[in-house]
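Everything on this sheet refers to the single structure shown next.
Number of protein chains: 2
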Amino acid sequence: MSFRAHLESLVTKVDGALAASIMGFDGIPVETHPPEAPPDLELSTAWVEYGNLLSQLKSAAEVLKTGPVQEVSINTEKVLTVMRLLTPEYFLVLALKPEGNYGKARYALRIAAPMVKTEL
Amino acid sequence: MSFRAHLESLVTKVDGALAASIMGFDGIPVETHPPEAPPDLELSTAWVEYGNLLSQLKSAAEVLKTGPVQEVSINTEKVLTVMRLLTPEYFLVLALKPEGNYGKARYALRIAAPMVKTEL
Numbered sequence: 065m066s067f068r069a070h071l072e073s074l075v076t077k078v079d080g081a082l083a084a085s086i087m088g089f090d091g092i093p094v095e096t097h098p099p100e101a102p103p104d105l106e107l108s109t110a111w112v113e114y115g116n117l118l119s120q121l122k123s124a125a126e127v128l129k130t131g132p133v134q135e136v137s138i139n140t141e142k143v144l145t146v147m148r149l150l151t152p153e154y155f156l157v158l159a160l161k162p163e164g165n166y167g168k169a170r171y172a173l174r175i176a177a178p179m180v181k182t183e184l
Numbered sequence: 065m066s067f068r069a070h071l072e073s074l075v076t077k078v079d080g081a082l083a084a085s086i087m088g089f090d091g092i093p094v095e096t097h098p099p100e101a102p103p104d105l106e107l108s109t110a111w112v113e114y115g116n117l118l119s120q121l122k123s124a125a126e127v128l129k130t131g132p133v134q135e136v137s138i139n140t141e142k143v144l145t146v147m148r149l150l151t152p153e154y155f156l157v158l159a160l161k162p163e164g165n166y167g168k169a170r171y172a173l174r175i176a177a178p179m180v181k182t183e184l
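Protein chains in written order, with our numbering: chain A, 65 to 184; chain B, 65 to 184.
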């Protein structure tokens, strides 16, 4: 299954999904679906910023006693964002509308992550 | 209702809750319940770190088009942490076990936040 197919499946399965992406912690996306996400939200800019924070969080987690970070969610007025760590270099991200199915988004990412990971 | 009573109610209502706190972005807790959280997890150290990241996220959100940050969740192997912004100075945080009721935690924080806010 291609990266695109995994992302397409995520966006299709989750009600209210806006876009999904495999992102590098360096801020460079490997693949995004749909390629043209709602332009007014500038999701890709937000993801670069979030990836940067996630990266700091990974380093911080090494000295914390709470264990490695698996999932981070950042919810704003206009967008819910769920991120799941894949490898030390990459993470999976799914953005959805505030009224979208957040529980399903978490579940779908948890299922998709190991499959995407084996292909990275 | 005192801060302590709000936090106690949060911890009691949410299955699997470990501890709740009203934290300043400067890393200083206003109030925590229970005062002695599980010592092996060092939750208060994690919260200071998370607060620091939340603070950066607030600043980043000002230039992002996704709107103000309302809720952030950081989930590790051993602890799920849900945070909700109260004011530019304070946030509410609830830590729960990985098998705890995450949906209820988000809901309870959403309901408690405006009440705690009026008392800050």
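Built from N, CA and C at the ideal position, the CB exists for glycine as well. Everything numeric in this text was worked out from a predicted model, so none of it was measured.
Cross-strand partners of residue 97 of chain A (DSSP beta bridge)
A:84
Cβ shell of residue 187 of chain A (< 8 angstroms), same chain only, five flanking positions each side left out
Any answer about residue 187 of chain A is impossible in this case: the structure gives chain A only from 65 up to 184.
Given a cut-off of 7 angstroms, decide if residue 83 of chain A and residue 177 of chain A are closer than it, judged by their beta-carbon atoms.
no
From the beta carbon of residue 80 of chain B, is the nearest beta carbon of chain A less than 7 angstroms away?
no
Taking all protein chains shown into account, do 16 or more other C-beta atoms lie within 10 angstroms of the C-beta of residue 184 of chain A, making it buried, or fewer, making it exposed?
exposed
Chain A partners of residue 104 of chain B, CB-CB under 7 angstroms?
129
Reference residue 98 of chain B, options B:112, B:67 and B:162, closest by Cα
B:67
Quick check: is the beta carbon of residue 138 of chain B nearer than 7 angstroms to any beta carbon in chain A?
yes
Below-7 angstroms beta-carbon distance, residue 178 of chain B vs any chain A residue:
no
When the distance is taken between beta carbons, is residue 133 of chain A closer than 7 angstroms to residue 147 of chain A?
No, Cβ-Cβ distance for residue 147 of chain A and residue 133 of chain A is not below 7 angstroms.
Given 8 angstroms as the limit, is there contact between the stretch 98 to 107 of chain B and the stretch 117 to 132 of chain B, that is, 3 or more CB pairs closer than that?
The count of Cβ pairs closer than 8 angstroms, one atom from the stretch 98 to 107 of chain B and one from the stretch 117 to 132 of chain B, stays below three, leaving the stretches out of contact.
Any idea what DSSP makes of residue 165 of chain B, helix, strand or coil?
coil
Taking all protein chains shown into account, decide if residue 130 of chain B is buried (16 or more other Cβ within 10 angstroms of its Cβ) or exposed.
buried
Using a Cβ cut-off of 7 angstroms (strictly closer), state whether residue 112 of chain B contacts chain A.
False, the Cβ-Cβ gap to chain A never drops below 7 angstroms.
Note down the Cα distance separating residue 116 of chain A from residue 108 of chain A, rounded to an integer number of angstroms.
Distance between the alpha carbons of residue 116 of chain A and residue 108 of chain A is about 12 angstroms.
Indicate the three-state DSSP secondary structure (helix, strand or coil) for residue 151 of chain A in the structure shown.
coil
Counting only C-beta atoms, is residue 132 of chain B closer than 7 angstroms to chain A at any point?
yes
Comparing the C-beta of residue 83 of chain B with each C-beta of chain A, is any distance below 7 angstroms?
no
Residue 113 of chain A classed as buried or exposed, judged by whether at least 16 other C-beta atoms fall within 10 angstroms
buried
Mapping DSSP to helix, strand and coil, what is residue 156 of chain A?
strand
Since residue 113 of chain B is in the beta strand (DSSP E), which residue starts that stretch and which ends it?
Segment 107 to 125 is the alpha helix (DSSP H) holding residue 113 of chain B; no beta strand (DSSP E) there.
Cβ of residue 124 of chain B within 7 angstroms of any chain A Cβ:
yes
Give me the residue from B:106, B:149, B:163 and B:161 with the minimum Cα distance to residue 179 of chain B.
B:149
Since residue 138 of chain B contacts residue 121 of chain A with CB under 8 angstroms, what's their CB separation in whole angstroms?
7 angstroms
Quick one: what does DSSP say residue 66 of chain A is sitting in, helix, strand or coil?
coil
Inspect the beta-carbon positions of residue 87 of chain B and residue 157 of chain B and report whether they are closer than 7 angstroms.
Taking 7 angstroms as the cut-off, the Cβ atoms of residue 87 of chain B and residue 157 of chain B count as close.
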